[in-house]
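First comes the structure, then the notes that go with it.
Protein chains: 2
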Amino acid sequence: MSQHRLVNPLVRNIRALKRVALVRQSVRIEEEIKQGMKKPYNEVIDVSRDNPHATGMKPMSFVRQVIASCIYPELIDSDKMPLDVRKRAKTLLECIGGSVGCYSDTIGIPIMRDSVSDFLTRRDEGVPSASGKIFITHGSDHGFGLLLTMLVRGDRSPLVGVLTPVPSQDFGNATLVASGATAVPYYLDGQQGWRLHTEELQRALRSAREVCDPIALYVINPGDPTGHVQSRESMEEIIRFVYEEKLLLFANEDHQDILIGEGCMFISYKKVLAEMGSPFSDAVELASIHSASKGFMGEGGLHGGYLELVNFDPSVQIEFDRLISLLVLPIIGQLALEVMLNPLQPGEPSYEHYQEHIRETLVHNVTRAFEVLDSLPGISCEPINGGASMFPRLHLPHTAIHQAKEEEQLPDFFYCSRLLEQTGLCVCPGSDLGLPEGTYHIRYKAPPTLNTNVFIILLLLFITSPYLQSENRPVSECLNFLKLPYN
Amino acid sequence: MSQHRLVNPLVRNIRALKRVALVRQSVRIEEEIKQGMKKPYNEVIDVSRDNPHATGMKPMSFVRQVIASCIYPELIDSDKMPLDVRKRAKTLLECIGGSVGCYSDTIGIPIMRDSVSDFLTRRDEGVPSASGKIFITHGSDHGFGLLLTMLVRGDRSPLVGVLTPVPSQDFGNATLVASGATAVPYYLDGQQGWRLHTEELQRALRSAREVCDPIALYVINPGDPTGHVQSRESMEEIIRFVYEEKLLLFANEDHQDILIGEGCMFISYKKVLAEMGSPFSDAVELASIHSASKGFMGEGGLHGGYLELVNFDPSVQIEFDRLISLLVLPIIGQLALEVMLNPLQPGEPSYEHYQEHIRETLVHNVTRAFEVLDSLPGISCEPINGGASMFPRLHLPHTAIHQAKEEEQLPDFFYCSRLLEQTGLCVCPGSDLGLPEGTYHIRYKAPPTLNTNVFIILLLLFITSPYLQSENRPVSECLNFLKLPYN
Numbered sequence: 001m002s003q004h005r006l007v008n009p010l011v012r013n014i015r016a017l018k019r020v021a022l023v024r025q026s027v028r029i030e031e032e033i034k035q036g037m038k039k040p041y042n043e044v045i046d047v048s049r050d051n052p053h054a055t056g057m058k059p060m061s062f063v064r065q066v067i068a069s070c071i072y073p074e075l076i077d078s079d080k081m082p083l084d085v086r087k088r089a090k091t092l093l094e095c096i097g098g099s100v101g102c103y104s105d106t107i108g109i110p111i112m113r114d115s116v117s118d119f120l121t122r123r124d125e126g127v128p129s130a131s132g133k134i135f136i137t138h139g140s141d142h143g144f145g146l147l148l149t150m151l152v153r154g155d156r157s158p159l160v161g162v163l164t165p166v167p168s169q170d171f172g173n174a175t176l177v178a179s180g181a182t183a184v185p186y187y188l189d190g191q192q193g194w195r196l197h198t199e200e201l202q203r204a205l206r207s208a209r210e211v212c213d214p215i216a217l218y219v220i221n222p223g224d225p226t227g228h229v230q231s232r233e234s235m236e237e238i239i240r241f242v243y244e245e246k247l248l249l250f251a252n253e254d255h256q257d258i259l260i261g262e263g264c265m266f267i268s269y270k271k272v273l274a275e276m277g278s279p280f281s282d283a284v285e286l287a288s289i290h291s292a293s294k295g296f297m298g299e300g301g302l303h304g305g306y307l308e309l310v311n312f313d314p315s316v317q318i319e320f321d322r323l324i325s326l327l328v329l330p331i332i333g334q335l336a337l338e339v340m341l342n343p344l345q346p347g348e349p350s351y352e353h354y355q356e357h358i359r360e361t362l363v364h365n366v367t368r369a370f371e372v373l374d375s376l377p378g379i380s381c382e383p384i385n386g387g388a389s390m391f392p393r394l395h396l397p398h399t400a401i402h403q404a405k406e407e408e409q410l411p412d413f414f415y416c417s418r419l420l421e422q423t424g425l426c427v428c429p430g431s432d433l434g435l436p437e438g439t440y441h442i443r444y445k446a447p448p449t450l451n452t453n454v455f456i457i458l459l460l461l462f463i464t465s466p467y468l469q470s471e472n473r474p475v476s477e478c479l480n481f482l483k484l485p486y487n
Numbered sequence: 001m002s003q004h005r006l007v008n009p010l011v012r013n014i015r016a017l018k019r020v021a022l023v024r025q026s027v028r029i030e031e032e033i034k035q036g037m038k039k040p041y042n043e044v045i046d047v048s049r050d051n052p053h054a055t056g057m058k059p060m061s062f063v064r065q066v067i068a069s070c071i072y073p074e075l076i077d078s079d080k081m082p083l084d085v086r087k088r089a090k091t092l093l094e095c096i097g098g099s100v101g102c103y104s105d106t107i108g109i110p111i112m113r114d115s116v117s118d119f120l121t122r123r124d125e126g127v128p129s130a131s132g133k134i135f136i137t138h139g140s141d142h143g144f145g146l147l148l149t150m151l152v153r154g155d156r157s158p159l160v161g162v163l164t165p166v167p168s169q170d171f172g173n174a175t176l177v178a179s180g181a182t183a184v185p186y187y188l189d190g191q192q193g194w195r196l197h198t199e200e201l202q203r204a205l206r207s208a209r210e211v212c213d214p215i216a217l218y219v220i221n222p223g224d225p226t227g228h229v230q231s232r233e234s235m236e237e238i239i240r241f242v243y244e245e246k247l248l249l250f251a252n253e254d255h256q257d258i259l260i261g262e263g264c265m266f267i268s269y270k271k272v273l274a275e276m277g278s279p280f281s282d283a284v285e286l287a288s289i290h291s292a293s294k295g296f297m298g299e300g301g302l303h304g305g306y307l308e309l310v311n312f313d314p315s316v317q318i319e320f321d322r323l324i325s326l327l328v329l330p331i332i333g334q335l336a337l338e339v340m341l342n343p344l345q346p347g348e349p350s351y352e353h354y355q356e357h358i359r360e361t362l363v364h365n366v367t368r369a370f371e372v373l374d375s376l377p378g379i380s381c382e383p384i385n386g387g388a389s390m391f392p393r394l395h396l397p398h399t400a401i402h403q404a405k406e407e408e409q410l411p412d413f414f415y416c417s418r419l420l421e422q423t424g425l426c427v428c429p430g431s432d433l434g435l436p437e438g439t440y441h442i443r444y445k446a447p448p449t450l451n452t453n454v455f456i457i458l459l460l461l462f463i464t465s466p467y468l469q470s471e472n473r474p475v476s477e478c479l480n481f482l483k484l485p486y487n
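Which chain is which? The protein sequence lines are A and B, in order.
For what it's worth, the UniProt record's numbering labels the leading residue of the first sequence as 1, then goes sequentially.
For what it's worth, the UniProt record's numbering labels the leading residue of the second sequence as 1, then goes sequentially.
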C-alpha cells in the first residue's frame with residue numbers, strides 16, 4: 001500500500017538537530033581511526049549533551065553496588081559488598097517482588113511514590129506532598145511527554161502552545177512537536193547571566209496568542225544549558241504571571257542538586273507557591289519533574305524520574321491516572337531514583353566516600369572549567385550557578401562567518417564541525433537550542449574530572465587561533481593561566 | 001485555568017482493564033495480611049500477566065552476572081564471576097562507552113543493530129537482514145507504539161484501524177487507542193486450538209471498512225495468551241490476504257523461543273515471506289517485534305526489544321528515522337537483549353547451567369501445568385504449543401453467572417475476584433482480552449516451577465466446587481492425579 005499517505009504530519013515537523021549530524025561525523029571519524037587513519041587525536045570526546053558518564057564521570061559506588069546486588073542477589077550474601085549496600089539491596093529487592101525481571105506496577109514499585117513524597121516534604125521543609133499526585137517516569141522528558149499526551153491533541157485548532165525558554169534543548173523541539181503542540185520561544189537574557197525577564201514572557205505570550213492557544217509556561221531551574229539559578233523574587237514574579245494569564249506552570253527542576261555559585265540555593269516552585277499563600281497557592285497548577293538521569297547522579301542510561309502535580313483539577317487527574325495505567329516502567333531506573341532520594345546518612349559505612357565524590361566531582365570541577373573557559377580569547381561565558389553545562393559565547397570573526405555561509409552552514413555548526421574534525425572534541429551548536437542567528441554559542445557539558453576538563457579546554461584553544469577573535473588577550477596569557485605549554 | 005477542556009479525548013477512550021481492579025484488590029488484601037488479618041493464605045500470587053519472575057522464575061545466572069558486572073565493573077576484576085561472564089561484560093562495557101550511566105545513541109548502543117541483524121540472519125537461515133532496518137526499543141509495545149505514532153494521526157477521518165486478534169492483551173486496548181487508531185477485532189477459534197481462519201479475517205475486514213480505514217493486520221505468533229503456534233500454510237494464507245487487501249502486516253513474535261508442543265517449530269513471518277518469492281516477498285510490508293521481556297528471558301523489568309521493518313517505503317523509513325532520533329533508550333534492557341541474541345555456546349564455562357535452566361524452566365513445567373489444568377472439573381484448556389500462558393475456559397454454572405449479574409459484574413471477573421479473595425491467587429479475566437460475553441476464560445501465566453504450579457492449581461481447585469460445574473469428574477479424581485491430599 002502507499003504508506004506515504006499515512007505518515008503523521010507531526011513526525012514530519014520534527015526538526016533535525018545539527019547535533020545528530022555531528023554524532024554521525026563522530027562515528028565516521030572513529031571508524032577512520034579504527035582503520036588506521038592518522039589523526040592528531042586517538043578518540044572522539046563527546047561533551048555535546050548532558051551525558052557525564054560518557055566523559056569519565058565515575059558513578060557513585062553505593063548506587064552501583066546496590067543495583068548490582070539487586071540484579072545478581074548472590075552478591076547480597078557475599079562479602080564483596082559493604083553491609084549498608086547489602087541491607088539496602090535486600091530491602092529494595094523485597095519491594096520489587098524479588099527480582100529486577102518483574103514488571104513494575106504502572107504507578108511504580110510500591111515504595112517509590114512514598115519515597116518521592118517523603119523526599120519532597122523534607123526538601124520543601126514541610127510543604128505537604130501527597131503520594132497520589134506523584135507519577136514515576138522513565139525520566140524528565142517522559143513526564144512532560146505524558147502530560148502533553150493528556151493535554152494536547154494534534155487536531156486542535158488553533159494549535160496548543162507552550163512557552164519554552166531559549167536557549168534550551170530537546171523539549172521545545174521533540175517531545176512537544178511529537179505531541180502536536182507548538183513551542184513558543186521566550187528568550188533568556190544572555191547579557192545578564194541568562195536571567196528570565198517577565199516583560200519578555202509578556203511579549204512572548206502576546207505574540208503566541210496571535211498564532212496558537214498558549215496553555216503553559218515551561219521553565220528550567222537551575223537553567224540548562226545556561227547555569228542560571230532563579231531567585232525567589234524571580235520565581236514569585238513568574239507565579240504571578242502564570243496566575244494572571246491562567247497558564248499551567250511546567251517546572252523542570254532536574255538539576256536541583258547541583259549548585260555551584262557561592263551561597264546559591266535551590267528553592268522549588270512548589271515551596272515558593274505554598275509560601276506565597278492564597279490566591280496563588282490554591283490556584284496555580286504546577287507540574288514539576290526531577291530525575292536520576294541529570295543532577296549529581298547523572299545516570300542517564302538507567303531511566304528513572306518522577307512528575308508531581310500540584311493543584312490539578314481532580315477530574316483531570318482521573319484522566320491522567322487512566323493514561324498512567326498504560327505505563328510499563330523499567331525497574332533499574334527506579335532503583336537509581338530511590339537511592340538518589342534516600343542517600344546515605346552520616347554514620348553508614350559507605351557515607352564518607354559518597355559525600356566526597358559528590359563534592360569533588362561537581363562543584364570544584366565545574367567552577368574550574370568556567371574560570372578557564374572564560375579566560376580564553378574569543379570566548380566569553382556567563383557565570384554558572386547551577387547545573388553542569390557551560391554555554392559560552394563564541395566571538396567568531398567575520399571571515400569564519402563568511403566561510404560558513406559560503407558552505408551553506410550555520411556559523412556555530414561550522415565551528416563545531418571544524419572543531420570535531422581537527423581536535424576530536426564534539427560540542428553542541430547553540431542554534432540547536434533555539435538561538436537565532438546573530439550570536440553564536442556552544443553547549444558543552446563540563447566533564448567531571450579536572451584532567452579531562454583541562455584537556456578539553458586545550459582542544460578548544462587549539463581551534464581558537466584560526467576561528468576566534470583574539471579580543472586583545474594573547475593565547476600565551478591563557479596558557480600561562482593553564483600552566484601548560486603551547487606546542 | 002479550566003484544564004478539563006484540554007484533556008485529549010483519546011485518553012478518555014482508554015478502556016479500564018478489570019485486571020487493574022484486581023491489582024487494587026491484591027494491594028488491599030496484602031495490606032490486610034500485613035495488619036494481621038487472618039486469611040487462609042499468607043500472600044497474593046499474581047499470575048494474571050506475563051510476569052514470570054514475579055512468580056518464582058529464576059533469572060538465568062549468566063544474564064544477571066553479565067549485567068551486574070557492567071553495573072559495578074569492579075566485579076569484572078574479581079574472582080566472584082566466571083571467566084566467560086567477565087569477558088562478555090568487558091566487551092559490552094566497551095560498547096556502551098564505559099558506563100551503564102551513559103545515554104545510549106537513539107538507534108541503540110553501537111553493536112545492537114548488528115547483533116540483531118546477525119541473530120535474524122542465523123534464525124532465518126540466511127534470509128538477509130539489514131541493520132539499518134532494525135530499531136532498538138524499550139520492548140515490544142514500544143516498537144508498535146512508535147510505528148503507530150508515525151502512521152496514525154488522531155484527527156484522521158475516518159479513523160485508522162488495525163485488525164487485532166481476540167483474545168489478546170493490551171495492544172488492542174492501550175497502545176492503539178492512545179495513538180488514535182481503533183482496534184478491529186478478529187476472533188481466533190477457541191474450539192480449534194485458537195487457530196486463525198482467513199474467512200474470519202475477511203469478515204473482520206469487511207465490517208472494518210464500514211467504520212474505519214483499516215491499514216494493518218496484527219498477528220501474534222506464537223499466540224499469547226492462546227499458546228497456538230501457526231503452521232507455515234496458515235502464515236502463507238495470511239501473507240496472501242494482506243497482499244491482496246493491501247494491508248501492512250504487524251507480527252508480534254515475542255514468544256518465538258518458547259515451543260512446547262512436540263515437533264512444534266517457529267518460523268518467522270519474514271522467512272515465510274522471503275520463501276514465497278515474488279510478488280509477495282517484494283511487496284508485503286512487514287513489521288516484526290521481539291524482546292527480552294517475554295520468551296525464555298522473561299526480563300520484563302529490564303526493557304529491551306527490537307523492531308524490524310521489511311519492504312517499507314524508503315521515504316517512510318526516513319520519517320521513521322526522524323521519529324527514532326527522539327528516542328532515549330535504557331541501557332540495561334539492551335544488555336539483556338544482547339545476551340538473549342547471543343546466548344552461550346557449548347564449551348563456554350557457564351553453558352551447562354544455562355541450557356538446563358531453559359529446558360527445565362519452560363517446556364517441562366508448562367506441559368505439566370497444562371495436563372493438570374485440563375483435568376480439573378469445570379475447566380477445559382486448548383493445547384499449548386508455544387508461549388507460557390494458559391487460557392483455560394471456565395464452565396461457570398448458571399447460578400454463578402446469575403449471581404455475577406446481580407452484582408453488576410462480568411461473570412469472569414466475578415470468578416477472578418472471588419478466587420483472589422478466597423485463595424490469594426490473581427488471574428486475569430478473559431473479557432480483559434476482548435472476549436465477548438458467552439464463554440468465560442481466565443488468563444494464567446504458568447509459573448516456571450513445578451511446586452508453584454501444583455500449588456496454584458490446587459487453589460484453582462478449591463474454588464472449583466462452589467463456582468464451577470463438575471462435568472461428571474469428581475474432585476477426588478483430580479486429587480488422585482495430583483497425588484495430593486484434599487484437606
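Heads up, the beta-carbon is just placed ideally off N, CA and C, and yes, glycines get one too.
- Contact between A388 (chain B) and V63 (chain B) does not hold, since the beta-carbon distance rounds to 17 Å and is not under 8 Å.
- Look at D313 (chain A) here: in three-state DSSP terms it is coil, with no helix or strand label.
- L425 (chain B) is outside the set of residues whose beta carbon lies under 8 Å from a beta carbon in chain A.
- S117 (chain B) and I215 (chain B) have their C-alpha atoms spaced approximately 27 Å apart.
- As far as DSSP is concerned, C212 (chain B) takes part in no beta bridge.
- Secondary structure note for N365 (chain B): its alpha helix (DSSP H) is the uninterrupted segment 365-375.
- Distance check between G347 (chain B) and each of B:G126, B:H395, B:D84, B:Q334 places B:D84 closest, using alpha-carbon atoms only.
- R24 (chain A) sits in a helix when the DSSP states are folded into three classes.
- For the C-beta of C416 (chain B), not a single chain A residue is nearer than 9 Å; the gap to the nearest is close to 18 Å.
- For R49 (chain B), no beta strand (DSSP E) segment is defined, and its DSSP state is neither H nor E.
- Contact between Q169 (chain A) and L433 (chain A) holds, with the beta-carbon distance rounding to 6 Å and staying under 8 Å.
- In this structure, the straight-line span from the alpha carbon of F135 (chain B) to that of S325 (chain B) is close to 11 Å.
- Secondary structure of K270 (chain B) (DSSP, three-state): helix.
- When the five nearest sequence neighbours on each side are left out, the beta carbons in the same chain lying within less than 7 Å of the beta carbon of T439 (chain B) are those of G190, R393, in order along the chain.
- For the region 7-24 of chain A, the residues whose beta carbon sits under 8 Å from a beta carbon of chain B are, in order, V7, N8, P9, L10, V11, R12, I14, A16, L17, V20, V23.
- Spatial neighbours of L17 (chain A) in its own chain (CB-CB distance under 6 Å, excluding positions within 5 residues in sequence) are listed in chain order as D432.
- Residues of chain B whose Cβ lies closer than 9 Å to the Cβ of P59 (chain A) are, in chain order, I71, Y72, S99, V100, G101.
- Collapsing the DSSP output to three states places F250 (chain A) in a strand.
- Checking the DSSP bridge columns, you'll see E308 (chain A) partnered with A:I134, A:S288.
- Counting along the chain, the unbroken alpha helix (DSSP H) around A336 (chain A) starts and ends at 331-341.
- The beta carbon of V160 (chain B) sits closer than 6 Å to the beta carbons of V152, A181, D213, I215 from its chain, once the five residues preceding and following it are set aside; these are given in chain order.
- Interface annotation, G347 (chain A): not in contact with chain B, CB-CB separation never under 8 Å.
- Not flagged as an interface residue toward chain A: V116 (chain B), since no C-beta distance is shorter than 8 Å.
- Here DSSP, grouped into helix, strand and coil, assigns D124 (chain A) to coil.
- Taking CB atoms only, G333 (chain A) has a neighbour in chain B less than 8 Å away.
- The shortest C-alpha to C-alpha distance from Y243 (chain A) to any of A:V219, A:I258, A:N342, A:L286 is the one to A:L286.
- Using beta-carbon distances, D254 (chain B) does not count as an interface residue toward chain A, since no partner is under 8 Å.
- Taken atom to atom, the span from the alpha-carbon of L92 (chain A) to that of Y72 (chain A) is near 13 Å.
- From the beta-carbon of N51 (chain A), the residues of chain B found nearer than 7 Å are C102, Y103.
- Per the coordinates, the alpha-carbon of K294 (chain A) lies some 6 Å from the alpha-carbon of D254 (chain A).
- Annotated as distal: C428 (chain B) and R28 (chain B), with beta-carbon spacing of 8 Å or more.
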